[in-house]
Every structure is written in structure tokens, then in C-alpha cells.
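Q: Per the working numbering, the very first residue in the sequence shown carries number 330; after that it's consecutive. Before I ask anything, let me first share the structure, which is written out below as C-alpha cells.
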Amino acid sequence: MAYYYNLIFLIPTAPIPYHTSILTGEGWMLELLNGHPYRIRTCLGVGHDTFDHLVQVLMHHGISPSRNGI
330 MAYYYNLIFL IPTAPIPYHT SILTGEGWML ELLNGHPYRI RTCLGVGHDT FDHLVQVLMH
390 HGISPSRNGI
């Protein structure tokens, strides 16, 4: 039993990368917006509809897209 405890809890394992996309900036946003619907919630903490609404509110208050088009 001690062997399995040591194996599971005490022996360090190599970390597994979570963010593996090679995209940055606009490419990453497009990947989120056009990809699996749960991924945008995982990465940004909000769903696609909420993100779209936030963009509309920001634009209504004068915030314009960045120079990169995002």
C-alpha cells in the first residue's frame, strides 16, 4: 500500500502543458470564437454570447478594435 501512495502522491511527474496553441492575438481569438463552444468559456470564463455582448457594450462606449483588428 505504501508503494502506491508514494507512486501517486510523492513521486513528481512531468507537467502536462495546458495551453498548446501556437496562435497568438487575433489568431487565438478566432480559434476561440470558431472552435468548440466550451473552450471559450474555459479560456475566458464567459460563453460566446456573453463575450459578444461585452464587445457590443465596449463599442457602444467608444472602445474601438485594436490596431490588430481584435
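We put the CB at the ideal spot given by N, CA and C, even for glycine.
1. Use the C-beta contact count for Leu361: other C-beta atoms within 10 angstroms, 16 or more gives buried, fewer gives exposed.
2. Assign Ile345 to buried or exposed, taking buried as 16 or more other Cβ atoms, counted over all protein chains shown, within 10 Å of its Cβ.
3. Go ahead and label Ile369 buried or exposed: buried means 16 or more other beta carbons lie within 10 angstroms of its beta carbon, across all protein chains shown.
4. Based on Cα-Cα distance, which residue from Ile337, Leu383, Val386, Trp357 lies nearest to Cys372?
A: Let me lay it out:
1. buried
2. exposed
3. buried
4. Trp357
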